[in-house]
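Numbered per my numbering, the sequence shown spans residues 51 to 385. C-beta: ideal position from N, C-alpha, C; glycine also. Scroll down for the structure; my scribbles are underneath it.
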Amino acid sequence: MNVAVTGVAGFIGFHLAHRLLDNGHRVFGIDNLNPYYDPSLKEDRLSQLEPHEGFTFSRLDIADRPGMEKVFAGQRFDAVVHLAAQAGVRYSIDNPHAYVESNLTGFLHILEGCRHSRVPHLVFASSSSVYGANTKMPFSVHDNVDHPISLYAATKKANELMAHTYAALYGIPCTGLRFFTVYGPWGRPDMALFKFTRSILEGKAIDIYNYGDMQRDFTYIDDIVEGVYRAMRLTPEPDKAWDGSRPDPGTSFAPYRIYNIGGSSPVHLMHFIEVLEKALGRQAEKNMLPLQKGDVKATCADALDLEKAVGFRPGVSVDVGIRRFVDWYRSYYRV
């Protein structure tokens, strides 16, 4: 297959591209290497991909309409996996325009490219943040998600709506994947595990929000990639049982599906930190702080639909995943 992967120098995009290339597929990677976090980490990820014969890279911002039109005019893709986005919940509070430009305008360019070049399947990244103010656990794709509490979450919900519209209007098969707190080697420096590890090793205090009373459905990167890879190979079809008088948000009359990718095993934040302290062999100094705007107290994925559809459920424990991350971090930064 010839697969376009946007955000290919990002955390998930890098790992997915690696998996695709190792399985003999061709990858056309797109990334603008923006400085939201250290671009050198993104460049080092790319350096792992570039030796592969089947890898092509284009340094391009998805918000660049002429550039994106040129990509789709010059390539025939068997699938597009759209992972590029302006990430981060807290960053969206102070930098809202970045989210509109990348997550909305950029996504429109992806949809238009898929429409005009008749891409057989678009897989795109959504987020557990779309569940917003929902408190019923576990979070299900069949639940209403109309109460986001950050602009980041709102843009991800908008992506789902935009994709559904294009699936309905133009018959473009679209699969949206709601990722739950992804972590692992080559991870993002703005995420908790990376920040905690760096601070603990440097002897600095770590910030713990809501005074530690938080739970997250941490999902290891290999589990995320496996879910994406399997979903990419399953083209959605219209659900003949869908009923407009009782609309199910998780399915559709159009060739469109939404899935959660998460382990369905939320971990208390303080336990997560304890596992990290053990892996590092050091205790953390802790700053206990109130809940920040845009954050939620807990997440938990109902991943049954994913398991039924592709025969896979995430299963790497935080004990294993954190140890692998720490090993990578020590090796990468020579700590």
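| query | result |
| --- | --- |
| Anticipated Cβ contact below 8 Å, Phe-230 with Thr-269, distance rounded | 5 Å |
| Which listed residue (Phe-303, Pro-299 and Arg-283) has its alpha carbon closest to that of Glu-291 | A small correction: the amino acid at residue 291 is Ala; Glu does not occupy that position in the sequence shown. Closest by alpha carbon: Phe-303. |
| Cutoff 7 Å; reference Ala-406; Cβ partners in own chain excluding five residues on either side | Residue 406 is absent from the structure shown; the chain starts at 51 and stops at 385. |
| His-132 and Val-173 closer than 8 Å at C-beta | yes |
| Cβ contact (3+ pairs, closer than 8 Å) linking the region 73-80 and the region 102-118 | yes |
| Ordered list of alpha helix (DSSP H) runs contained in the region 310-371, each at least 4 residues | 319-330 and 354-360 |
| Every unbroken beta strand (DSSP E) within the region 168-216, with a cutoff of 3 residues, ordered by chain | 172-177 |
| 8 Å contact criterion, which Ala-129 and Met-282 should meet: CB distance rounded | 5 Å |
| DSSP three-state assignment for Arg-109, whether helix, strand or coil | strand |
| Spatially closest choice to Leu-227 from Arg-307, Met-264, Pro-235 and Ala-183, by CA coordinates | Arg-307 |
| Contact with chain B by Ile-112, beta-carbon distance below 8 Å | No chain B is part of this structure, which consists of one protein chain only. |
| Coil, strand or helix - Val-131 by DSSP | strand |
| Three-way DSSP call (helix, strand, coil) for Ile-222 in this model | coil |
| Spatial neighbours of Glu-327 in its chain, beta-carbon cut-off 8 Å, leaving aside the 5 residues before and after | Ile-250, Gln-333 and Ala-334 |
| Residue ranges of each beta strand (DSSP E) within the region 230-265, 3 or longer | 256-258 |
| Sub-8 Å separation of Pro-135 and Gly-234 beta-carbons | The identity of residue 135 in the sequence shown is Ala, whereas the question assumes Pro. Against a cut-off of 8 Å, the Cβ pair of Gly-234 and Ala-135 comes out as no contact. |
| Closest Cα partner of Gly-300 within the set Val-150, Val-370, Phe-189 and Asn-84 | Phe-189 |
| Pairwise C-alpha distance: Leu-201 and Lys-120 | 30 Å |
| Minimum C-alpha distance to Glu-93 - residue among Glu-103, Gly-63 and Asp-72 | Gly-63 |
| Minimum C-alpha distance to Leu-96 - residue among Ala-175, Ala-67 and Gly-312 | Ala-67 |
| Reference Ser-314, options Pro-297, Ala-351 and Pro-340, closest by Cα | Ala-351 |
| For Pro-364 and Ile-311, believed in contact at Cβ under 8 Å, the rounded distance | 7 Å |
| With 16 other Cβ atoms within 10 Å as the buried cut-off, status of Asp-81 | buried |
| Beta-carbon contacts of His-65 that lie in its chain and below 6 Å, excluding the five residues immediately before and after | Ile-271 and Val-275 |
| Status (buried if at least 16 other CB within 10 Å, exposed otherwise) for Tyr-18 | The structure shown does not extend to residue 18, since the chain spans only 51 to 385, so no value can be given for it. |
| N- and C-terminal bounds of the beta strand (DSSP E) containing Arg-165 | From DSSP, Arg-165 is part of no beta strand (DSSP E) but of the alpha helix (DSSP H) over 156-166. |
| Opposing strand residues paired with Phe-78 [DSSP bridges] | Ala-54 and Thr-106 |
| Any 3 or more C-beta pairs closer than 8 Å across the region 340-358 and the region 169-186 | yes |
| Own chain, CB closer than 7 Å to Cys-386, minus 5 neighbours either side, in chain order | For residue 386 there is no data in the structure shown, the boundaries of the chain being 51 and 385. |
| Simplified DSSP state of Arg-296, which is helix, strand or coil | coil |
| Element boundaries [alpha helix (DSSP H), containing Lys-120] | 115-124 |
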